Amino acid sequence: MNSPENPIEYIVVGSGLTGAMAAETLVTEGANVLMLDVAYKNETGVEYPTTDFLSIRKESDNQRQLFLGDNFEGVPWGAIKTGAQLTPGRKYIVKELDKWLAIAGNTFFPMESLAYGGLGNAWGAGCYIFSDAEFEKMGISKSKFTDSYQTVGDRIGVSAGIDDALPYTVGGLNNILPAIKPEAGMLAILERYTRKKQALNKKGFYAGVPGVALLTKDKDGRKAFSYNDMDFWHDNEQSVYRPWMTVDKLKQKPNFQLAERVLVTRFEEAGDLVKVVCTHTETNEEKEFWCRKLVLCSGVLGTARIVLRSFKQQQTLPLICNPYVYVPMINWRRLGVETERHKSGMGQAVLFYDKKQDNSDVAMAAMFTYRSLLLYRLIKEAPLNFATGRAVMQYLVPAMVIAGIHHPEYGGSSKFVRLEKDTNSATGDRLFADYRLSSAEEKEVLATEAKFFQTFRSMGCIPIQKVYPGHGSSIHYAGILPFSANEALYTTAENGRLHQTKNVWVADGSSFKYVPAKGISFTLMANADRVAKHALKK
Amino acid sequence: MSSAKLYTNEAERLSLYLIGKPCNSDVAIGYSDAVTKLNMALTPAQEQTYKRMVGWRFYMRAIDGGLAFTNRESVLRKRIFVMLCLLESSKYNTEYFLPRKRSPFYFFGIGFNVAYAFFTAIIGVLIIKLNNIE
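From first to last, the protein sequence lines stand for chains H and S.
For the first sequence, my numbering gives the first residue as -2, with consecutive numbering after it.
For the second sequence, my numbering gives the first residue as 23, with consecutive numbering after it.
Encoded structure:
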């Protein structure tokens, strides 16, 4: 029975990408770990067939249930928001957010999760190792991450192209699996890049097949990718890494426990122990757990709430999030062709814009083809009546490429969060977020996007429009508890310890002072491993 | 007419408008179910407009296209959209949604369709403005 007299060694808060990695590191070293998480799971009961998307579309009798959901939760309506791509089987990822993770403000639209495996359930699986220069801007040396990148890479399995993109993806990582095979349309784009490579490289553009946490060979009971194009709908084969796979494995170990339906609200230090205060999400009762060391892996916004409540000294905390836009494009050479039966819904090509040619401030576009999310999501956005929209989109979809452009991002005085009282919220408070780019930053973003548009055109893709889902939609957050050499409140030591605490560790992205455009998730996992190793030291 | 019969009739008309053929009974039942579950009740004025749309395909095309410019989130449009989703998620309609091999000349057919859609949308916008359709 957990009590101040019988505390557990470690409590890890959250079961997402960072929680799973931190817990695995601790458990592997023999520590006793209790993971606290709400851990909502998919309870739709819908089982997706293991065949490919086209076969399901042509043969399955229960597509309404598979694709639209029993209560039509898969039918989108209204403006596009963060998380618009979530399919019925993945809607549990955003369950009860308004109730437990209230957020206010009209300039920032984040996505959080109380799910088992957290936001990792919707992760695009992109893996990128940041450069020395990028780490310097984040406030820490890359050398501190080298071993952890490899540890995480070996745990989850990373495939990548050995091509011009490699220095920006996972160059330097050992045991890289063979890259996924891009479909014909994407190969045509990459071939055009190869033909114009010299000129594009001179302008700072480099393309290739991305690093992805996706198995192209069987590993530890997980299957090699089958190109069934059902990646948005289920994880039947477990080819794409999801954190719940790690937590499921840890649950078999005697030194690991998971307490579910537990929302951590704050902590208090008492001598050498940490009291962790939680709310049970079914009974609304307050509960306490005691530990020797607390490892926060609750995501940047979740960690902000917990730390602000715990320190009780209200102030605004800085926030960083990559500006993001996505661009539907037409690869016109693919008009009027049938798509392949076997393809991937994951990113198949990636384009980096390294304007200084030194891998220090790189912008990135991840490129996807479109099919398995069905046509209706596209038809809804067309400025046409639905009948014509259907005919047009059916014709365009084999040629459609979606590029998601991420920009690197620094903090600033107009980007912050703070905690406010809210008697309507289940926790009695809400996070207020404000996020605005300065006019110089906006100008820079637009100039970079114009460069990408030029390059897309030269690679055979005609951009149709820019869609801005709003700040927060990149789902890459950082910066609230920046690294600091001083023992200042609301900052973190380089080893991950939260300043002004003895035994509280921050193992998510809260400490990074800069967010490179390359996806942050792989680095977050490496950081969780690194911080957990520090927390293990006596 | 009972509401079930009414919805079946609506579903058939919407299917004719969207893919050019009547829907099967599963899709019609799905439409009736969706109208209830997705809270797509119409005001009396909207009801009147919708009846006219369902009864006259050109009017449907005009109002649907016009609302795409004036009020994209209109419940009238939502009903048509839900029907589209239901039609797409039926194995009997894959030929209308999955990509097909097309001749290069198909591009011109699509171009004509889009031009016609904009023409009807202009008429639709006029009707919407004159009749305060929401």
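Yeah, the Cβ is synthetic: ideal placement off N, Cα and C, and Gly gets one too.
Remember, it's a predicted structure, so these values are computed and weren't measured experimentally.
Pull up the distance between the alpha-carbon of H/Asp351 and that of H/Phe202, whole angstroms please. 6 Å
Handout entry: Chain-ordered neighbours of S/Cys107 on chain H, where CB pairs are closer than 7 Å
Key = Leu65, Val72 and Tyr373
Inset, instruction - Within 10 angstroms of the Cβ of H/Ser436, are there 16 or more other Cβ atoms? Answer buried if so, exposed if not. - result: exposed
Below 7 Å on C-beta distance, what does H/Gln462 contact in chain S?
None at all; the shortest Cβ gap to chain S is about 15 Å.
Q: Count the CB pairs spanning the stretch 61 to 69 of chain H and the stretch 39 to 50 of chain H that are closer than 8 Å, and state whether there are at least three.
A: yes
Listed by chain order, chain H residues near S/Ile132 by CB distance under 8 Å:
Ala388, Val389 and Tyr392
Report task. Please state whether DSSP places S/Gln70 in a helix, a strand or coil. Result -> helix
Quick check on S/Phe21 - is its C-beta less than 8 Å from some C-beta in chain H?
There is no way to answer for residue 21 of chain S, as the model of chain S reaches only from 23 to 156.
Look at the alpha carbon of S/Phe119 and the alpha carbon of S/Ser112, and state the distance between them as a whole number of angstroms.
10 Å
Short Cβ contact (8 Å threshold) for H/Leu316 with H/Tyr487
no
message: Quick check: is the beta carbon of S/Ser37 nearer than 8 Å to any beta carbon in chain H?
response: no
* To do: Using the Cα positions of H/Asp269 and H/Leu495, report the straight-line distance between them to the nearest angstrom.
  => 15 Å
For a minimum of 4 consecutive residues, which ranges assigned as the alpha helix (DSSP H) are wholly contained in the stretch 71 to 154 of chain H? 94 to 97, 129 to 135 and 143 to 153
Check the Cβ of S/Gly87 against every Cβ in chain H and list those closer than 7 Å, keeping chain order. Leu381 and Asn382
Next on the checklist: Using a Cβ-Cβ distance cut-off of 8 Å, determine whether S/Val104 contacts chain A.
Outcome noted: Looking for chain A here will not work: the only protein chains present are H and S.
I'd like the span of the beta strand (DSSP E) that includes H/Asn556, first residue to last.
Shown here, chain H extends from -2 to 535; a query on residue 556 of chain H therefore has no answer.
- [ ] Closer than 8 Å by C-beta to H/Leu372: which residues in its own chain qualify, once you throw out the five before and the five after it? Chain order, please.
- [x] Arg387, Met390, Gln391 and Val394
Quiz prompt | H/Thr366, enclosing beta strand (DSSP E) - first and last residue | solution = Ala360 to Thr366
By alpha-carbon positions, which one of H/Glu337, H/Gly208, H/Gln312 and H/Leu212 ends up nearest to H/Met361?
H/Gly208
What does DSSP give as the partner residue(s) for H/Val261 in the beta ladder? H/Cys275
Please state whether the Cβ-Cβ distance between H/Ala101 and H/Arg338 is less than 8 Å.
no
State yes or no: is the beta carbon of H/Val398 nearer than 8 Å to at least one beta carbon in chain S? no
Original post:
At a Cβ threshold of 8 Å, is H/Gly75 touching chain S?
Top reply: yes
So is H/Glu283 buried or exposed if we call it buried at 16+ other beta carbons inside 10 Å?
exposed
Strand pairing of H/His403, partner residues [DSSP]: H/Tyr321 and H/Met361
| query | Just by C-beta distance, which residues in the stretch 36 to 67 of chain H are closer than 8 Å to chain S? | reply | Leu51, Arg54, Lys55, Glu56, Ser57, Asp58, Gln60, Arg61, Leu63, Phe64 and Leu65
**Request:** Give the DSSP-derived three-state secondary structure of H/Arg54 in the structure shown.
**Result:** helix
Item checked: Collapsed DSSP secondary structure at H/Met397 in the structure displayed -> strand
Query raised in the report: S/Val136 and H/Leu83: beta carbons closer than 8 Å?
Result: no
So the beta strand (DSSP E) H/Leu31 belongs to, where does it begin and stop? Val30 to Leu33
Under the assumption that H/Thr213 contacts H/Ile177 (Cβ atoms under 8 Å), give the Cβ distance between them as a whole number of angstroms.
6 Å
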